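Numbering (our numbering), first residue to last: 1 to 118. Glycine included, each C-beta is placed from N, C-alpha and C at the ideal position. Every value quoted in this text rests on a predicted model; they were computed, and no experiment measured them. Below is one structure; the comments refer to it alone.
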Ligand code: HEC
């Protein structure tokens, strides 16, 4: 009797410990994917959209690129933005085969985060 109670207490602690490690791991993962979204944006998109996504670049002026902070862009659905980032749109080149699904998702995350930093 005693032993089985002690055993399940230990098992509960162990499971809690594993769950805690899992949570920390997930948090670290999501922090890293946001970071790589920003790094990716700077290397693949900033030449047109500007490092902050505002589109105040020479290319941005020439191609009339919308400010990614603006409602015009932010009101679009995740599916629409994913489509643009993947296949391109107008003068924006396609990234198909150049970026992985994970990279596209972290770029979308970066674009969504811009809405919070006006
Ligand atoms: C050659 C310049 C160029 C590059 C590089 C570029 N874009 Fe664009 N982007 C544009 C232009 C031009 C538009 C406006 C397209 C339109 O509305 O016709 C646009 C529009 C967008 C939009 C608005 C969405 C929409 O559906 O209207 C998003 C989001 C976006 N780009 C994200 C990105 C991301 C992320 C990257 C990097 C992987 C990137 N762009 C690289 C030129 C560029």
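Are residue 109 and residue 37 close, meaning C-beta to C-beta below 8 angstroms?
yes
For residue 123, three-class secondary structure by DSSP
The chain is shown only over 1 to 118; residue 123 falls outside these bounds and no answer can be derived.
Below 8 angstroms between beta carbons: does that hold for residue 104 and residue 86?
yes
Cα separation between residue 50 and residue 42?
8 angstroms
Given the structure, does residue 84 come close to the ligand HEC, in the sense that its CB is under 7 angstroms from one of the ligand's heavy atoms?
yes
Got a sec: does the ligand HEC put a non-hydrogen atom nearer than 7 angstroms to the Cβ of residue 100?
no
Could you give the DSSP three-state label for residue 37: helix, strand or coil?
helix
Measuring only the C-alpha atoms, how far is residue 40 from residue 16?
36 angstroms
What I want to know is whether the C-beta of residue 90 ends up closer than 7 angstroms to one or more non-hydrogen atoms of the ligand HEC.
yes
If the criterion is Cβ atoms closer than 8 angstroms, does the pair residue 69 and residue 46 meet it?
no
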